[in-house]
Ligand code: HEC
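Numbering (this note's numbering), first residue to last: 349 to 467.
Structure below.
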């Protein structure tokens with residue numbers, strides 16, 4: 349009686365674990381692909397960029413020699429440096445007060461907006 353069980357169950361168990369593995373992989377891949385899309389919103393970033401225009405110019409092109417352009421800047425670089433300003437790791441008397449008001453979501457949105465500008 350007991351011996352009969354493992355035989356028909358083995359293929360089932362194998363099928364189950366293969367399926368489970370596939371589902372896990374699919375979940376991981378989907379998670380990786382969809383996470384950045386939901387975490388950043390360039391349209392929202394454009395609205396938030398009114399706080400940056402005075403120094404970085406309309407559409408991220410600055411008119412001042414000491415203020416950098418942001419148009420076309422790399423997304424990851426902007427996120428990294430906005431966090432540094434906000435967290436007091438990179439220091440600038442003009443940038444820090446602005447950056448201190450930003451949430452992670454604001455930073456992602458702003459970086460997505462500026463990274464998408466092409467001139
Ligand atoms: C009062 C002027 C001012 C405002 C407003 C301002 N910035 Fe800046 N920003 C600066 C200056 C000046 C620098 C250069 C700092 C330095 O020399 O390290 C800078 C640097 C940066 C950098 C780093 C650029 C690089 O190439 O390393 C980023 C990113 C940035 N600003 C984003 C923003 C965003 C986004 C906003 C709006 C939320 C904003 N800034 C608002 C003055 C400003």
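All C-beta atoms, glycine included, are put in the ideal place defined by N, C-alpha and C.
- Query: So, is residue 391 buried or exposed, given that buried needs 16 or more other C-beta atoms within 10 angstroms?
  - Reply: Mapped onto the chain shown, residue 391 falls at position 43. That one is exposed.
- Using the Cα positions of residue 408 and residue 435, report the straight-line distance between them to the nearest angstrom. In the chain shown, residue 408 corresponds to position 60, counting from 1. In the chain shown, residue 435 corresponds to position 87, counting from 1. Between residue 408 and residue 435, the C-alpha separation is close to 23 Å.
- Message: For a test of the three-state rule: what should DSSP assign to residue 393, helix, strand or coil?
- Response: Along the chain shown, one-based indexing puts residue 393 at 45. Residue 393: helix per DSSP, three-state reduction.
- Message: Taking the alpha-carbon of residue 431 as reference, which of 447, 440 and 396 has the nearest alpha-carbon?
- Response: One-based indexing of the chain shown puts residue 431 at position 83. Residue 431 has its Cα closest to that of 447, out of 447, 440 and 396.
- From this set, 464, 414 and 428, which residue's C-alpha is nearest residue 450's C-alpha? Sequence index remark: in the chain shown, residue 450 carries index 102 (1-based). Among 464, 414 and 428, the Cα nearest to that of residue 450 is on 428.
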